[in-house]
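So the structure is just underneath, and the comments pick up after that.
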Amino acid sequence: MVGGGGSKIQRIDKAAIHRICSGQVVLDLAAAVKELVENSLDAGATNIEIRLKEYGAVLIEVADNGSGISPDNYQGLTLKYHTSKISEFSDLQSLSSFGFRGEALSSLCALSNVSVTTRTKEEAIGTRLDYDHSGAITSQQSVARAVGTTVAVAKLFAPLPVRHKEFTRNIRREYGRLLSILQAYALIAKGVRIVCTNQVGKSGRSTVIQTQGSGSVKDNVITVFGIKTAACLEPLELSAMDVGGQSVKVEGFVSKPGAGCGRASGDRQFFYVNGRPVDLPKISRLLNELYRSFNSSQCPMAVLNIMLPTQSYDVNVTPDKRKVFLHMEADFIVSLRTALESVYAPDKYKYALNNV
Ligand code: ADP
Ligand code: MG
């Protein structure tokens, strides 16, 4: 018998706790890449390259031209709950960065082999750092590097043998999810060029996502999904709706009536709160339901950014920050329904059918 009433209750050793808990922030391949890309965006990068080997199973490298990391932070970087982004809980209310918990790099160290190459504009040369699973620096050397940071994550999940086996077995599914998360960032990031390449076996590198760093979401939709898909979308702009006393704006694109993307529900639906990619299942349901009333064979695509005061929602609900709690969700859904009904109104439907 293991852990029965007679066994002594004792503290789990620190390294084991770290390994157990790290799996909550970096649940899968997509979460690992998402955390790294968010760090690059937070560092003000305008160019982010994600380079994968074997769909990310062997190596994930995220290189940016952001601020770089200063030598004082080489160690703090991989320590749990060390962040340069907030220092008090109240800072969460006015948060403008993606990160705020200082957990990602510490978790990635526990779950893979991490190395970082970085240079700030104050330094003449770059530095390469290697970290062990506890986040301690094991080697440091000078290397050539333009200003910015490259984080390399090798053999993700290898320290957890069971998880690793499942990971490599399901790598194509994990990779699919990674691409859709990267698409979410690539679509919304204005003025940031995002490129993702993958190398499989001895074949060359193929580019799987590429944006040009345009200042418009429409251009990003065109580069990510192609001009044909973009042409099936209609702009949706709701300015200054009053929702429960808060001013809310919605900006983005939805499928034109009669020109859905013909895929499974939820596929190609991207929701954002103040530019942060999030899951909004109730809004997705609303959209599908309205769309279905006149187009039963397809699902709508959507790229919708909801802009609202930072104190009217919480992102600190789940470890991956994908779930948000909108304080006035019910009121918002009512307002959005009315707005969408006017996009998908019957007379407009006729108009659209003649124009697709
Ligand atoms: P968080 O993003 O919540 O602060 P992370 O573990 O993701 O926590 O990162 C820890 C710290 O490392 C960040 O606060 C930031 O100062 C620094 N950092 C991580 N990645 C980068 C990067 N690409 N460029 C510059 N600084 C970075
Ligand atoms: Mg982070």
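If you want this note's numbering, it's the 1-based position in the sequence shown plus 1094. We put the CB at the ideal spot given by N, CA and C, even for glycine. Everything numeric in this text was worked out from a predicted model, so none of it was measured.
| query | result |
| --- | --- |
| DSSP-derived helix/strand/coil call for A1109 | helix |
| Simplified DSSP assignment, three categories, for F1347 | strand |
| contact_flag[the stretch 1159-1170, the stretch 1210-1230] where n(CB pairs < 8 Å) is 3 or more | yes |
| beta-carbon N1368 near ligand 2 non-hydrogen atom, thresh 8 Å | no |
| Nearest-angstrom Cα separation, counted from S1101 out to A1110 | 19 Å |
| CB of V1409 within 9 Å of CB of R1370, strictly | yes |
| S1184, DSSP secondary structure in three states | helix |
| Enclosing beta strand (DSSP E) for S1333 [first to last residue] | L1327 to V1337 |
| Distance cut 5 Å, beta-carbon to ligand 2 heavy atom: residue list by chain order | N1133, G1193 and A1198 |
| Contacts around K1284, its chain only, beta-carbon distance under 6 Å, and the 5 residues preceding and following it disregarded | G1309 |
| Inter-residue Cα distance where the pair is F1419 and M1395 | 23 Å |
| T1177 CB to nearest heavy atom of ligand 1 below 8 Å | yes |
| Closest Cα partner of I1282 within the set T1323, R1299, V1397 and A1139 | V1397 |
| Residues that P1371 bridges to, as DSSP identifies them | Y1366 |
| Beta-bridge partners of R1287, as assigned by DSSP | N1141 |
| Reduced DSSP secondary structure (H/G/I, E/B, other) of N1449 | The predicted position of N1449 is uncertain, since its pLDDT is 45 and thus under 50; no value can be drawn from it. |
| Whole-angstrom distance between T1432 and T1262, CA atom to CA atom | 46 Å |
| Which listed residue (P1351, A1325 and S1406) has its alpha carbon closest to that of V1337 | S1406 |
| Proximity winner among S1436, A1246, L1430 and L1250, relative to K1350 (alpha-carbon distances) | S1436 |
| Near ligand 1: G1162 beta-carbon under 8 Å from a heavy atom | yes |
| Straight-line Cα distance separating T1243 from A1157 | 6 Å |
| Limits of the beta strand (DSSP E) - the one that Q1392 falls within | Element bounds for Q1392: n/a, residue is neither H nor E. |
| Candidates R1287, A1198, Y1225 and I1231: closest to E1143 by CA position | R1287 |
| R1105 burial status per 10 Å Cβ neighbour count (16 or more: buried) | exposed |
| Residues near G1196 in its chain [Cβ-Cβ closer than 6 Å; skip 5 each side] | Y1175, H1176 and T1177 |
| Boundaries (first-last residue) of the beta strand (DSSP E) holding V1237 | I1231 to V1237 |
| Per DSSP, cross-strand counterpart(s) of E1155 | R1145 and A1246 |
| Opening and closing residue of the alpha helix (DSSP H) in which G1270 lies | I1265 to I1282 |
| Exposed unless 16 or more other CB atoms sit within 10 angstroms - verdict on F1192 | buried |
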